[in-house]
Amino acid sequence: MKSIKLLLSFIVPIMLISIFNACSKEQNIRQPNTSKSTDSKTTLDLIAFKTSLHQKSTGNMDLDSAIWHIEGLLNLDNANNTHSFINLIQIKDSIVLVPENGVLTSDQIFQAYSRFQEKLDSILIMNPLIHGDIADVHRTISAFKDNTETLILDASLGEDEILTNYQPFGTTDNWLWHDQLGKCSGGWTGLDARIMLQNRFNNPVGGTPVGYFTDVVMNTAYPYESQFADPNNPNGHGHMIFTGGSWSPCTCIPYNEMNYYLSTFDFIKADKQPTGKSFSSMTVVTDLIPGGSGGPGFYYYKLYYGIFHNGSNPE
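Numbering-wise, the sequence shown is residues 479 to 793 according to our numbering.
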């Protein structure tokens with residue numbers, strides 16, 4: 479009996495310690511990220527609102543809720559805040575509605591949203607280089623006692639500031655695409671868009687380390703490869719590498735499109751990089767789709783990689 483008591487006196491404290499530790503561990507369990515779950519719920523709510531909006535089945539909504547949903551959907555569909563913007567422009571629009579006891583009907587909600595979306599589209603569709611920054615929808619109460627409410631759209635839009643590892647082209651860097659014909663405005667013969675892009679690609683802003691390469695290989699990157707498809711190309715042809723060059727008149731590549739190709743080059747370079755080798759240099763090549771000399775032209779890239787060795791020949 480005495481041995482049993484001693485055994486129990488030894489076991490019970492251990493059990494209590496184990497229970498205490500288990501409780502402590504439960505207290506240390508990381509709580510779920512409520513911010514992410516809230517973001518997801520908001521997005522799903524706005525997507526559901528969009529569906530019912532186009533079906534004109536939102537039902538009646540109180541004014542503040544309607545404004546929140548209209549503003550949220552305009553931002554979800556149009557505003558991309560991952561961009562850095564330059565040349566910001568401000569637009570403003572308004573619509574007068576008559577709510578019934580502070581409530582808007584399904585038709586009124588659709589009318590307000592459609593008007594504001596059309597206002598944004600009048601700029602965004604006509605100017606593919608412009609993107610939405612943010613949209614703010616608010617209301618003002620009429621000074622007259624007629625129960626009207628004015629919904630006001632304030633929105634900012636702008637042109638992308640493309641940030642790359644290469645010196646960006648300025649607003650006067652509009653170059654003809656081939657044959658060293660110079661700038662679109664004339665002059666600078668002996669240069670063209672191909673040469674200017676090639677010079678930028680081979681001379682990143684941060685410079686290149688001193689050293690040399692062995693075991694060099696060459697890979698090619700063509701614009702029509704599926705991984706290089708991109709609907710955001712300003713020229714509308716949908717590729718990360720220039721396509722659609724005409725010979726007469728010679729196609730002009732504007733500065734913003736030149737900067738777009740700078741922004742896609744690191745992706746292309748990494749995609750073609752062999753394992754264990756580093757990028758050395760590249761050449762931009764002019765080619766054309768078979769169909770005679772009048773066929774549409776394009777660029778493709780010859781990319782050179784090798785095993786890099788630090789330092790230089792001491793001699």
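Cβ atoms here follow ideal geometry from the backbone N, Cα and C, with glycine treated the same way. Here the structure is a predicted model, which is why all the values come from computation and not from measurement.
Would you call residue i buried or exposed, if buried means 16 or more other Cβ atoms sit within 10 Å of its Cβ?
| i | result |
| --- | --- |
| Gln533 | exposed |
| Cys501 | Unreliable positioning characterises Cys501 in this predicted model, as indicated by a pLDDT of 37, which lies under 50. The coordinate reading is nonetheless provided below. Cys501 is exposed by the Cβ-count criterion. |
| Leu524 | buried |
| His616 | exposed |
| Phe776 | buried |
| Lys597 | buried |
| Ile608 | buried |
Looking at C-alpha atoms only, which residue of the options is the closest neighbour of residue i?
| i | options | result |
| --- | --- | --- |
| Phe786 | Asp611, Ser759, Ala544 | Ser759 |
| His717 | Tyr702, Cys728, Pro727 | Tyr702 |
| Ser572 | Phe594, Ala748, Leu635 | Phe594 |
| Phe720 | Ser726, Pro727, Asp708 | Asp708 |
| Thr521 | Leu541, Asp542, Trp546 | Trp546 |
| Val695 | Lys780, Leu541, Val574 | Lys780 |
| Leu540 | Leu575, Gly665, Gly636 | Strictly speaking, residue 540 in this sequence is Asp, with Leu absent from that position. The residue with the shortest Cα to Cα distance from Asp540 is Leu575. |
| Leu629 | Leu582, Thr529, Thr698 | Leu582 |
| Ser726 | Asn553, Asp657, Asn788, Ala671 | Asp657 |
| Met674 | Asp614, Ile731, Asn625, Pro712 | Ile731 |
I need the DSSP call for residue i, collapsed to helix, strand or coil.
| i | result |
| --- | --- |
| Lys519 | helix |
| Tyr700 | coil |
| Arg508 | Residue placement at Arg508 is poorly supported in this model, since its pLDDT is 33, which falls under 50; the coordinates are not used for a value here. |
| Ile767 | coil |
| His656 | coil |
| Lys750 | coil |
| Thr529 | helix |
| Leu582 | strand |
| Asp708 | coil |
| Thr742 | helix |
| Met760 | strand |
| Tyr779 | strand |
Taking 7 Å as the cut-off, is the CB of residue i close to at least one heavy atom of the ligand FAD?
| i | result |
| --- | --- |
| His787 | The model on display carries no ligand, and the ligand FAD is accordingly not part of it. |
Measuring CB to CB, does residue i end up less than 8 Å from residue j?
| i | j | result |
| --- | --- | --- |
| Gly784 | Asp693 | yes |
| Ile802 | Leu531 | This structure gives no information on residue 802, because the portion of the chain shown stretches from 479 to 793. |
| Ser634 | Ile612 | yes |
| Asp794 | Asn643 | Since the first residue of the chain shown is 479 and the last is 793, residue 794 is not available in this structure. |
| Ser535 | Ser584 | yes |
Check: Which ranges would you report for the alpha helix (DSSP H) in the segment 533-559 if only whole runs of at least 4 residues count?
Finding: Every unbroken stretch of the alpha helix (DSSP H) spanning 4 or more residues and falling wholly within the segment 533-559 is given here in chain order: 541-556.
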